[in-house]
Each structure stands twice: as structure tokens, then as C-alpha cells.
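*Asks:* Read top to bottom, the protein sequences are chains Z, X, Y and B. If you read the first sequence in our numbering, its first letter stands for residue 4, the second for the next number, and so on. If you read the second sequence in our numbering, its first letter stands for residue 437, the second for the next number, and so on. If you read the third sequence in our numbering, its first letter stands for residue 265, the second for the next number, and so on. If you read the fourth sequence in our numbering, its first letter stands for residue 695, the second for the next number, and so on. Quick one: the structure is below, questions incoming.
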Amino acid sequence: MPNRVAIVGTGQTHHCTRRLDVNGVELIYEAVQRALADAELKIQDIDGVIIGNMDHFEGINYVDCWSIDGSGGFGKPTMKLTTGGTTGSTLAIGGYHMVASGMFDKLLVIGWEKNSESDTTGAITTAFDPIWDRLVFAGAISGLAVEASVYMATYGVTEKDAARVTVRDRRHACLNPYAHLRKEVTIEEVMSSARLSDPLKLLDLCPRTDGACAVIFASENVAEKICPKPAWILGTANRHLYTYLGDADFVNLPSLQRASAELYKKTGIREPLKQIDVMELYIPYSFAGLSWIEALGLCKPGEAPRLLWDGVTDLGGELPINASGGVISCNPIGATGLIRCAEAALQIMGKADKRQVPDVKIALSSGFGGCFWSDVLLYGARKPL
Amino acid sequence: MDWLANVEAMVHHSRIKVPYTWSVGETGSRFFVELRDHRRILGRRCEGCRTVYVPPRKMCARCFQDTGAWVEVGPEGTLLTYTIVRYANELQPVKAPLAYGIIQLDGASTGLVHLLGDVDLKAIRSGMRLAPVFQEKRAGTILDIAYFQPVKAA
Amino acid sequence: MSGEKQELLVMQSGEKEQPFHYAVGRYGSKFLMELRDHKKLLGIRCPKCRKVYVPPRQVCGPCYEKMHELVEVGPGGTLVGYTILRFHFVDPETGHPKPVPYGYGFIRLDGADNAFQHFIDVRDESKIKVGARMRAVFKEQRKGNLADIQHFEVIDPVKEIGKPL
Amino acid sequence: MERVAIVGVGQIQQERNKVQDTFADMVFEATTKALEQAGIGIRQIENVVSASNDFWDGRTISSMAINDACGSYDKNISCVEGDGTFAAFYGMTRILSGAYDTTLVVAHCKGSESHSAHITNAMFDPLYVRSLGVDSIGSAALQARRYLDRYGITEEQCALVSVKNHGNAFRNPCAQLPLKLTVADVMKSRMLADPIKLLDASPISDGACAIILAREPVARKITDRPVWIRGVGYCADAYHLGDRDLAECDALSKASQKAYQMGGIRNPRKELDVVELYDAFSYQELLWTEGLGLCGRGEGGKLVESGATQMKGEIPVTPSGGLLSAHTVTAAGLVRIAEAVLQLRGGAGEHQIPGAKTALAHGVNGPCGQSHCVWILGV
Chain Z
4 MPNRVAIVGT GQTHHCTRRL DVNGVELIYE AVQRALADAE LKIQDIDGVI
54 IGNMDHFEGI NYVDCWSIDG SGGFGKPTMK LTTGGTTGST LAIGGYHMVA
104 SGMFDKLLVI GWEKNSESDT TGAITTAFDP IWDRLVFAGA ISGLAVEASV
154 YMATYGVTEK DAARVTVRDR RHACLNPYAH LRKEVTIEEV MSSARLSDPL
204 KLLDLCPRTD GACAVIFASE NVAEKICPKP AWILGTANRH LYTYLGDADF
254 VNLPSLQRAS AELYKKTGIR EPLKQIDVME LYIPYSFAGL SWIEALGLCK
304 PGEAPRLLWD GVTDLGGELP INASGGVISC NPIGATGLIR CAEAALQIMG
354 KADKRQVPDV KIALSSGFGG CFWSDVLLYG ARKPL
Chain X
437 MDWLANVEAM VHHSRIKVPY TWSVGETGSR FFVELRDHRR ILGRRCEGCR
487 TVYVPPRKMC ARCFQDTGAW VEVGPEGTLL TYTIVRYANE LQPVKAPLAY
537 GIIQLDGAST GLVHLLGDVD LKAIRSGMRL APVFQEKRAG TILDIAYFQP
587 VKAA
Chain Y
265 MSGEKQELLV MQSGEKEQPF HYAVGRYGSK FLMELRDHKK LLGIRCPKCR
315 KVYVPPRQVC GPCYEKMHEL VEVGPGGTLV GYTILRFHFV DPETGHPKPV
365 PYGYGFIRLD GADNAFQHFI DVRDESKIKV GARMRAVFKE QRKGNLADIQ
415 HFEVIDPVKE IGKPL
Chain B
695 MERVAIVGVG QIQQERNKVQ DTFADMVFEA TTKALEQAGI GIRQIENVVS
745 ASNDFWDGRT ISSMAINDAC GSYDKNISCV EGDGTFAAFY GMTRILSGAY
795 DTTLVVAHCK GSESHSAHIT NAMFDPLYVR SLGVDSIGSA ALQARRYLDR
845 YGITEEQCAL VSVKNHGNAF RNPCAQLPLK LTVADVMKSR MLADPIKLLD
895 ASPISDGACA IILAREPVAR KITDRPVWIR GVGYCADAYH LGDRDLAECD
945 ALSKASQKAY QMGGIRNPRK ELDVVELYDA FSYQELLWTE GLGLCGRGEG
995 GKLVESGATQ MKGEIPVTPS GGLLSAHTVT AAGLVRIAEA VLQLRGGAGE
1045 HQIPGAKTAL AHGVNGPCGQ SHCVWILGV
């Protein structure tokens, strides 16, 4: 029988624009120490490490090997997983399978990035095909801007609708001491911010961030001994539908539609808006906060603006999204998907402090990256059957 | 005729040139500043296992705790192993053939990878005593030590 | 030491670069040869789902079928989505800032089922709309790479909102 | 714990420069061959784990290039950055977790597309080591010298590995560099970095490999010759070369002990019928045989001299010709697993070790064997 798996500890750095005081390994060490402290474990208790980031942001080859001093991987099974923006969520899914397999009891999962060390757009551009993409492609922003142009043309959604997503996430971030941008913005400020890549403006977009996140996954025989109220993993799913950017269907992120449909089927979710208590979504730019929640089945295509304006996804609403402030407030890329996982787990554990949503029983986190790829995980307060 | 048989296999010659600015961090910065300003080589000791790390580490990987005291090491040390690289690559700071060694500085528990210089390449042996030669103009990098050279017998 | 603000250093890679010699592969090479020699754009058709992909590649992802049948596509097409890049960023092929602004669009070439990305001419921004009719403008001097296409230009702007793809 | 089997493997010709093929073309060929060998279609593959390296591929998110080609469309997929043996481990856990019945593991690398010194220099710390210009050969030479000095291993003993493995490569149709050599040939070959000479080093290679894993009941339906995963372990050593005693390989010892314990191997020298090593340099085979406990510390030289590791010896090591005959970096470890599987299924053709029942396959990540992965397979 596969083991049930729960998250029993999390640790994050205080994410910010640039951490000159620490190198990459030391940044990782900081998050790992916090996760160990949170779970009241020692490194000797940990029986394996998985770590991830995107190589060309820091120009480090074999990061699993390079990071040993800070990751706690010395003398332990250590492995690197990486899938671009989805890296953090890919790591979380990896943490689940490796512990569920019975090969590990307590696995340390680490995502990190020091985006201050290179030009983020320049580095992301190297993620795409050297022959077919790099001539014209300009990092994630260009691809997302194209997606936004298609979404607007398809459903008549406006830039102002999208701005409402930024306003929500930035307001929530003020409650999260670890978030990078902790200052509220208004619709007007978003609308009048610098135009970077039509229709996207500066405040439609995530910042670039230095940060690390560590999460400890534990098997059922030890989880409740470590943590009285662990966050149980109920299911995971993902899709990498495209190899070529031009193959992408830019309407409502099909990879997320398919991954979430699989997740819901596996976990018995029929009405996500009603059944799920909080979502931590990898929403790197404002329009995704509309289009992608349609992909997640929270409403019909084109109807997300109504949900946003009605406050359904605000803290205090029916289904709060990104109580942490989300990616628009903080994006150390290789850590970002794992931060979503950590924040969802904190909500289940009841340890989210000022950003806590009351009485969370079911939470969902997502990851986005690569060639419009998606990862999703579902968490529960109750040990799964 | 199958078109695949008549295709010239093209190659796209390109490069990845992303400029990096790596943070050295507090611990490493102290090491490089001492090297640059005082030609001193510093290590950091783990108070758990007493390992003295050179280059200094903020943390001890084995004990997984912060290291403690700064320790001045060397400047002389012992050659643990070496090689003479005969081929050129574009990244070498000096012309090939060039010699590398791992040097355990006096007072350090670990070895430092660096260049060997001012030495008869045929005379390099593990266990030989070495001393650093510092650059006149120092910038706060590992190359502020130009190389290690054999210590002349007293 | 204490009390003084510590000097924090950085290391820079400067002008260092990593050279690569990326194989285009026979499928991509065929496309670039036709582009260079005949100003023609080629797609490849999946024998199972009949979809035509540009640029040509060996495998249809969804069907996992090997493809072989080349199909001429374009040079006209429809604008699926686009943006105008206005912010400064480092071009990883040069290590230096890429000239902006420039138009970047996905064009569904006539006869193809997926989209092809390239520069779009944005000198008259008012003409750029999702659904606009576009055509490829070829360079006179062609070398067998994607830049043999200068850009795509609008030949017929559309007013109504069309459902893309 | 439920048993997991390998039910099909696919290798392609390893070559110096597969200039006609993209990463995707290589992966498609390897995957198709693995499916053919297993006698199943891509629809029977429930999930995929790929292995690649962004620096070698000149592309961050290097896995993106091969998604169509590995048949992962509309499936769950994940990507390991590093050697294929590690990806295979993750692939196995995705079955043991109860999530999937089958996993396809694919790995690829094209050494021909990059300049190896640039790629391997980037393994080293940018603050303390990189500006010295150290690359994989120079760092390996530091390890070789330390090892040779410590135990009195001779360069001739290292050369014997090269002679053996290049010779073995003649019998492996997928190997790139079969060579008929003498110890003198190796000793006379151009010195790269003392004590490593050209014929002590592995070539630049292009290649890909795929294997298919399945849980027991499914494996038995697919094939009547499943190869069982009996044990697997992996472990990382310290990063900074000066933090490690390079003459030892503690991480390999630890990884192999885990694998032996899981696989019930008490005396590896006696119980293993064939060993496939990640021998990027000739001295590494000697050092790794020590780490695996096939001989005592410092006895790797004597082991190869005794002839025990020859094709017809007591414990044949790397009958495929190994990395010395084709070094496909991230694919190279997965090739070792594929080779072990061929041996156990009696399908290794001219390089078959007769009656092989238990095999060991080995992979490495990082400089000077920092991180090792050890597999015990059996029938």
C-alpha cells in the first residue's frame, strides 16, 4: 500500500529584490533552517533532498551538487527536478511521490531563485528554442502578453478587469511578512503604470525576486508525530501539452483545464468553488487571475471578471485566492510553485497568521511554466482514506 | 524521391550570453576583503566539529549549523594533489600548460583549489610546501592570489 | 569590525559566453532551405489527425505519429495573438540590450493548424488587431535561418472580434 | 513493498556528432525502440520522467524540447536535471506511490553542440573556482592524482581499463568508439592533464536512451521476461573539491550499501554477475569498483590486472564499453541500466555475459563523482 503523505513543516526567506548579504547556497540554507525549525526536526532526521530552480537565472550547472552545503543534502540522496516556472510545483509533486513510494519518511523539498543575479527576461528567453523562438521571443512577458491579447479578443475582457487581480493580490500581500511587494495599489495605479508589452503594464506583472522555500514532506507513520495538524496531500496532476509555442491554444490554458479536471476526478471535487476553501495559484500576471480560474472551473469562460469584482476571491470571500499575495507580489521563480504549496499547507495547518482563511479543510495550489504547462496539487486537513 | 534523403543538415551557430552578477554574501565578502586589503587568508571554524573551512563557509554542511569563529590560516600550506593541464581552454587565466593544486593551508581542515606557479612542472609533488603569491593590484576575487609557489628550503 | 557597515561584494561574468552549435534537424532544415532558396513556407501533415504543423518536425505530439508529408503554407495568414515589446531586456544571444520596441505575433499561416511566431510590422499600430490578415515579407539576402523573414505585415485589418484558433 | 520491473529498453547509436538529429529526433527514436521492445503502444505509458541538463543542451528548461517526442502529451510528466539513473529512481517512485502503473524514463544529451570546457567549468563555484578555468578533465586529474598517490595505483593499471573497455565496445553495436589498444598505446597517447591522457578520457558523444518501468502485475502482462528492480540507492558527497578526500568515494559506498541492503546483496563480488559503470575516465572504474565493494580500498588496480573484470572474468565490468566508448552525459547512466537489462534478458548479443542473473548499473552527477546512483537488477 502506498503511504499517505503530509506536509509537516515549511520555511521561507523574506523575499526581496536582492539579497546581497547571502549567496545562493546561503539563501537556500536560510529557508531550510526555517523549515526544520518549523517541524522541530534536525537535519539528521531528514532522509533525502530534492531541489530545483532554473539554471540560467544564476548560471549554475548541477545545482543539486553545488548547493549541498546549504541544502542539507550532504551524505544524503539528493536530486534536482526542474521544469521552468513549474519547478516549485514539480518539486512538490516529486515530494509527494517519493514519500508515498515508501522510499523516504521525511523528505526535504527546496525551491529557490536569485533573480537578481541575471536579467530575468534574457535568461528566460534561453528556455525557448534557439532556432524557432529566440529571434523574436522575449521571455515570459511576451508569451503572456500574447495570451492576454487572445483572451481579451475572445471574451471582451478589459485591462481594468485584469487590474482587479493585481489589486487583490497586492492587498493580500500586506498581510504576509514573507511577501516581496507589500504595498497596496489601486486600479488607477495599475492602469497608469508603464506599458511594457501590450496590453501588459508594469503592475500587471510579477516582480523579480530573490527567495527560497523549503517544505518537509512526511509519510503517514511519522507525520502526525511531527505535526499535530499536518497538511495531507490528496492528489496531484500535471500537463506539459506543448513543445512548440506556436502549437499553444492561448484560450483558457488547456494544460490547467486538463490537469485540474484529472485532479478533481481523482479527489471527488465536483464543485471546486464550493468545495475548496482557499487556492494558492501561480498567477504571474493579472489576466491569468481571470482566464486561469476559468480553466480551474470556478466559472464559465469569460465570467471571471464578475467573480473578481464581486469579491468572491478576496480574503473574506467565498473562495479566497492567493491569501499570501501570490506571484504578482513575489516571484523567486524556482521557489514560486513551492511557495504556493507551502502557503496552501499553512492554511490547512492553521498557521497562516494574519492571512489565515478561517477553518480551511481543502486547499489547492498550482504551478505554471514552461510552454504553457500546469501543475496542480490538492491538500486536506483530514487524512485521506 | 524521399525528401529526407536530400536535406542538408543545418547547424545554428549561436551562444548563450547572459551576464551574471553573483552575490558573494557577508561571509565570502569578508574573506575577499581581507585578501584584497591585507593579503590575509581567512577560514571559518565550525564549533560543532572544529572543521576550519577555507574558503570560509557560513554554515557547516556536516553539522548543519552556522560556523563560528574566523581563523587566519596559512599563508603557507601543503599540496594535497595537483595536475598539469596541457591543453588550452578559453577560460584559463594563464597560458597552458598550467598547473592546478589543492592546497591545505596551515590551520585549515579543507583544501583550496588554486593555480601553481613559479615552479618546475616536473618537480611538483603531493606533499610539497607552498606559499601564496599575491597580485599587486587586487580586486577582491580569488585571483588576488596569483598562484601558489614552492617554499624555498630554509 | 562591529558597527561598521560591511562591504558586500559581487562577482561578474562580464563578457563570458557559451558557444553552441544547435542541430536544426532534417525537418527544420528542409523548412529553412525552402525559405532561403524559394521564399516558400513549409508545414508538415500528421497522417492521423491531418493537422499541419509549422515549422515541420518529426512527431505529432497528440497522435505520437511520425510525419512525412510536407505542405506549402502561407505566405498569408491570420494574426492569432500579438504584443508590442516596449521594455528593455538583455538579448541572451548577444549579452546586450535588444532593440525595442518591436511587434511580436503568432500568425496562423494559410493551410496550417498551429501558429507561427515572428516579428510583426507595427509602424501603424492602429492596424494591428487579433484576426488581422497578415503576410510574410522576405529578405532579399537570405541565409537559411528564421531571420530570412523580415517580418509579417498587416494586409487587411479586421474590425470585428474573431474567435482565434 | 510492491515490485517494479523494467519491461523494455531503447538505445540508439551513440555517435560523435548526430548532426542530422535534434534532441527530439533522438528521444523519439529511443522511445520508439523501447516501446517496440516492450511490445506496447504509447497509450499504455501512463506517465513520463525525462532527464537532461540545461547547460549541455544550451537551453534552460531543456526538457521542453522533447515533450512531443517522448509521447508525454496529455500525460503526467516530470523532469530530472541530471543523470538518467536518478530520473529512473523518480520514475520508480511514481509507480510505488500508487499513482501510475507504468513510467517511461528518457534521457538525452548531445556533447557535439557545446564546448565541454564551458559547460563543465560552470559546475564549479562562481565565487571561488570558476575563474581559475577548471573543467571536468582538470578536476578529474586532481582526483586521479590523489587516488594514484594514496594507493600506489599505476597509470598502467588505469590504461588497462581503457584497453578493456574500448575492446569490449567492438561487441556493442551502439558504442561509438571501439578501439583495439595496448597499454602502451594508452600510455603514449597525448597527455591532457597529468595523469590523464587522451585514451584515459571519454569521448564527446551524442545519444539518447529510454526505459519502461511497470508494477509487477502489469509487467507480467507485458512481458514474460521482466527485469526486477531489486535495490537502488543514491547519495551526494560534499561539493567543494577541497572538502572531500578525493581518493575515496564515500558517497558511492553509501549509495551501494543502500542498494545492496534493499536487494539482499551480502557479497557483491560473488553475487553480481555483471556491472555497468559510469567510467568517464579510466581511473574512475578502479575507484568505483572499490566504492562498490568489489575489492578492498586501494585494490582497484590489482582487480583490473587480475583479469577479473574482463568479459570472461569473475566479475565482468562494463562489457558495453562504457563511457570511455561513448559518453552521453545525462543519458550515460540510463544506458548503463539499459545495458544491464539486456544482459539479464540474454539480449546483449555479442557482449552477452552468459547466464547473468544479477546486474549492477551506476550513474553519476557532479564533479569527480560527487553524487552516485546504484541500481541492482535481477531476474
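Note that the Cβ used here is the ideal one computed from N, Cα and C, for glycine as well. These figures come from a predicted structure and were not determined experimentally.
For B:M881, which residues of its own chain have a beta-carbon under 8 Å away from its beta-carbon, when the five flanking residues on both sides are left out?
*Replies:* Position 187 of the fourth sequence, counted from the first residue, corresponds to residue 881 of chain B. Taken in chain order, the residues that qualify are E849, E850, A853 and K891.
*Asks:* For my contact list, Z:D2 and X:M495 are in at a C-beta cut-off of 8 Å; report their separation, rounded to the angstrom.
*Replies:* In the structure as shown, chain Z begins at 4 and stops at 388. Residue 2 of chain Z is therefore absent and cannot be evaluated.
*Asks:* Comparing the C-beta of Y:V354 with each C-beta of chain Z, is any distance below 9 Å?
*Replies:* Stepping through the third sequence from its first residue, residue 354 of chain Y is reached at position 90. Cβ-Cβ to chain Z under 9 Å: yes for Y:V354.
*Asks:* Below 7 Å between beta carbons is the criterion; list the residues of the segment 478-512 of chain X that meet it against any residue of chain A, in chain order.
*Replies:* This model lacks chain A altogether, as its protein chains are Z, X, Y and B.
*Asks:* In chain order, which beta strand (DSSP E) runs of at least 3 residues are fully inside the segment 93-133 of chain Z?
*Replies:* 109-117
*Asks:* Nearest to Y:F416 by CA position, among Y:E268, Y:K407 and Y:G369, is which residue?
*Replies:* On the third sequence, residue 416 of chain Y is found 152 positions in, with the first residue counted as 1. Per the Cα distances, Y:G369.
*Asks:* Counting only beta-carbon atoms, is Z:L248 nearer than 9 Å to chain X?
*Replies:* In the first sequence, the residue the question calls residue 248 of chain Z occupies position 245. For Z:L248, the answer is no, since every Cβ of chain X falls outside 9 Å of its Cβ.
*Asks:* For Y:H285, which residues in chain B fall below 8 Å Cβ to Cβ?
*Replies:* Position 21 of the third sequence holds residue 285 of chain Y. Going along chain B in sequence order, the residues near Y:H285 (Cβ under 8 Å) are S806, E807 and S808.
*Asks:* State the Cα-Cα distance for the pair Z:A262 and B:Y822, rounded to the nearest angstrom.
*Replies:* Locating residue 262 of chain Z in the first sequence gives position 259, where the first residue counts as 1. Locating residue 822 of chain B in the fourth sequence gives position 128, where the first residue counts as 1. Roughly 43 Å separates the two Cα atoms.
*Asks:* Which partner residues of B:R909 appear in the DSSP bridge assignment?
*Replies:* By one-based count along the fourth sequence, residue 909 of chain B stands at place 215. According to DSSP, which records beta bridges pairwise, B:R909 is partnered with B:V698.
*Asks:* Hey, could you find the ends of the alpha helix (DSSP H) Y:Y291 is sitting in?
*Replies:* Start at 1 with the first residue of the third sequence, and residue 291 of chain Y comes out as number 27. Here the alpha helix (DSSP H) through Y:Y291 covers G289 to H302.
*Asks:* Given this structure, state the Cα-to-Cα distance separating X:Q585 from X:T519, to the nearest angstrom.
*Replies:* As a first step, residue 585 of chain X is located in the second sequence; it is residue number 149 there, counting from the start. As a first step, residue 519 of chain X is located in the second sequence; it is residue number 83 there, counting from the start. Distance between the alpha carbons of X:Q585 and X:T519: 14 Å.
*Asks:* Please go through the segment 123-208 of chain Z and give each complete beta strand (DSSP E) segment of 3 or more residues, from N-terminal end onward.
*Replies:* 198-200
*Asks:* Can you tell me the Cβ-Cβ gap for Z:T169 and Z:V193, rounded? I've got them flagged as a contact below 8 Å.
*Replies:* Numbered from its first residue, the first sequence carries residue 169 of chain Z at position 166. Numbered from its first residue, the first sequence carries residue 193 of chain Z at position 190. Indeed, because the Cβ distance is near 5 Å, the residues count as touching under 8 Å.
*Asks:* Based on Cα-Cα distance, which residue from Z:I236, Z:A156, Z:A143 and Z:S119 lies nearest to Z:G97?
*Replies:* Here residue 97 of chain Z refers to the residue found at position 94 when the first sequence is read from its first residue. With distances taken between CA atoms, Z:G97 lies nearest to Z:I236 out of Z:I236, Z:A156, Z:A143 and Z:S119.
*Asks:* Roughly how many angstroms separate the alpha carbons of Z:T123 and B:V1073, rounded to a whole number?
*Replies:* As a position in the first sequence, residue 123 of chain Z is number 120, starting the count at 1. As a position in the fourth sequence, residue 1073 of chain B is number 379, starting the count at 1. Roughly 50 Å between the two C-alpha positions.
*Asks:* Work out the CA separation of Z:T129 and Z:R333 for me, nearest whole Å.
*Replies:* Along the first sequence, one-based indexing puts residue 333 of chain Z at 330. Along the first sequence, one-based indexing puts residue 129 of chain Z at 126. Rather than Arg, the amino acid found at residue 333 of chain Z in this sequence is Cys. About 22 Å.
*Asks:* How would you list, in chain order, the residues of chain Y whose beta-carbon sits under 9 Å from the beta-carbon of B:Q714?
*Replies:* Here residue 714 of chain B corresponds to residue number 20 of the fourth sequence, with the count starting at 1. Those are A287, G289, R290 and S293, listed as they occur along chain Y.
*Asks:* Assuming B:V1011 and B:V1058 are in contact, meaning their beta carbons sit under 8 Å apart, how far apart are those beta carbons, in whole angstroms?
*Replies:* On the fourth sequence, residue 1011 of chain B is found 317 positions in, with the first residue counted as 1. On the fourth sequence, residue 1058 of chain B is found 364 positions in, with the first residue counted as 1. Actually they do not touch by this definition, with Cβ atoms about 15 Å apart.
*Asks:* Measure the alpha-carbon distance for Y:M265 versus Z:D132 and round it to whole angstroms.
*Replies:* Within the third sequence, numbered from 1, the residue matching residue 265 of chain Y stands at position 1. Within the first sequence, numbered from 1, the residue matching residue 132 of chain Z stands at position 129. Below a pLDDT of 50, predicted positions are generally treated as unreliable, and Y:M265, at 45, falls in that range; no measurement from the model is reported.
*Asks:* Got a sec? Which residues, its chain only, sit under 6 Å from B:Y784 by beta carbon, not counting five neighbours each side?
*Replies:* Translated into positions along the fourth sequence, residue 784 of chain B becomes position 90. Closer than 6 Å at the Cβ level, and outside the excluded window around B:Y784, lie V743 and V774.
*Asks:* List, in chain order, every chain B residue whose beta-carbon is nearer than 9 Å to that of X:I581.
*Replies:* Sequence index remark: in the second sequence, residue 581 of chain X carries index 145 (1-based). Those within 9 Å of X:I581 in chain B number zero; the least Cβ separation is about 10 Å.
*Asks:* Taking DSSP's pairing of strands, which residues face Z:K232 in a bridge?
*Replies:* The count along the first sequence starts at 1 and reaches residue 232 of chain Z at position 229. Z:K232 is not bridged to any residue.
*Asks:* Answer with yes or no whether the minimum CB distance from Z:K386 to chain X is below 9 Å.
*Replies:* Within the first sequence, the letter at position 383 stands for residue 386 of chain Z. By this cut-off, Z:K386 is not an interface position.
*Asks:* Terminal residues of the continuous alpha helix (DSSP H) containing B:S1014?
*Replies:* Residue 1014 of chain B sits at position 320 when you count from the first residue of the fourth sequence. Looking at the DSSP string, B:S1014 is not in any alpha helix (DSSP H), and its letter there is neither H nor E.
*Asks:* Less than 9 Å separating the beta-carbons of Z:G189 and Z:W376?
*Replies:* One-based indexing of the first sequence puts residue 189 of chain Z at position 186. One-based indexing of the first sequence puts residue 376 of chain Z at position 373. A quick correction: the sequence has Thr, not Gly, at residue 189 of chain Z. No, these two residues do not count as a Cβ contact at 9 Å.
*Asks:* In angstroms with no decimal places, state the Cα-to-Cα distance between Z:L199 and Z:I53.
*Replies:* Along the first sequence, one-based indexing puts residue 199 of chain Z at 196. Along the first sequence, one-based indexing puts residue 53 of chain Z at 50. If you take the alpha carbons of Z:L199 and Z:I53, they lie about 36 Å apart.
*Asks:* Could you list which residues in chain Y have their beta carbon closer than 7 Å to that of X:K573, in chain order?
*Replies:* Taking the second sequence and counting its residues from 1, one reaches residue 573 of chain X at position 137. Near X:K573 there are no residues of chain Y at all, since even the closest Cβ is about 16 Å away, more than 7 Å.
*Asks:* In this structure, what does DSSP give as the bridge partners for X:Q585?
*Replies:* Here residue 585 of chain X refers to the residue found at position 149 of the second sequence. According to DSSP, X:Q585 bridges with X:A567.
*Asks:* Going by C-alpha distance, which of Z:L322, Z:Y267 and Z:I63 is nearest B:P1061?
*Replies:* In the fourth sequence, the residue the question calls residue 1061 of chain B occupies position 367. Among Z:L322, Z:Y267 and Z:I63, the Cα nearest to that of B:P1061 is on Z:I63.
*Asks:* Using a C-beta to C-beta distance shorter than 7 Å, which residues of chain B count as neighbours of X:R522?
*Replies:* For this step, residue 522 of chain X is matched to residue 86 along the second sequence. Chain B residues near X:R522: M885, L886 and A887.
*Asks:* Flag B:S825 as yes if its beta-carbon sits less than 9 Å from any beta-carbon of chain Y, otherwise no.
*Replies:* Along the fourth sequence, one-based indexing puts residue 825 of chain B at 131. At least one chain Y Cβ lies under 9 Å of B:S825.
*Asks:* DSSP on B:T779, reduced to helix/strand/coil?
*Replies:* Counting from 1 along the fourth sequence, the entry for residue 779 of chain B is found at position 85. Three-state DSSP puts B:T779 in a helix.
*Asks:* Quick one: what does DSSP say Y:I413 is sitting in, helix, strand or coil?
*Replies:* For the purposes of this step, residue 413 of chain Y is taken as residue 149 along the third sequence, with counting starting at 1. DSSP places Y:I413 in strand when its eight states are reduced to three.
*Asks:* Using a Cβ cut-off of 8 Å, which residues of the segment 121-134 of chain Z contact any Cβ in chain X, in chain order?
*Replies:* Correct list: S121, D122, G125, A126, T129, P133 and I134.
*Asks:* Please identify the residue among Z:V102, Z:W69 and Z:T86 whose C-alpha is closest to the C-alpha of B:M695.
*Replies:* Translated into the one-based positions of the fourth sequence, residue 695 of chain B becomes position 1. Selected option, being the one with the closest Cα: Z:V102.
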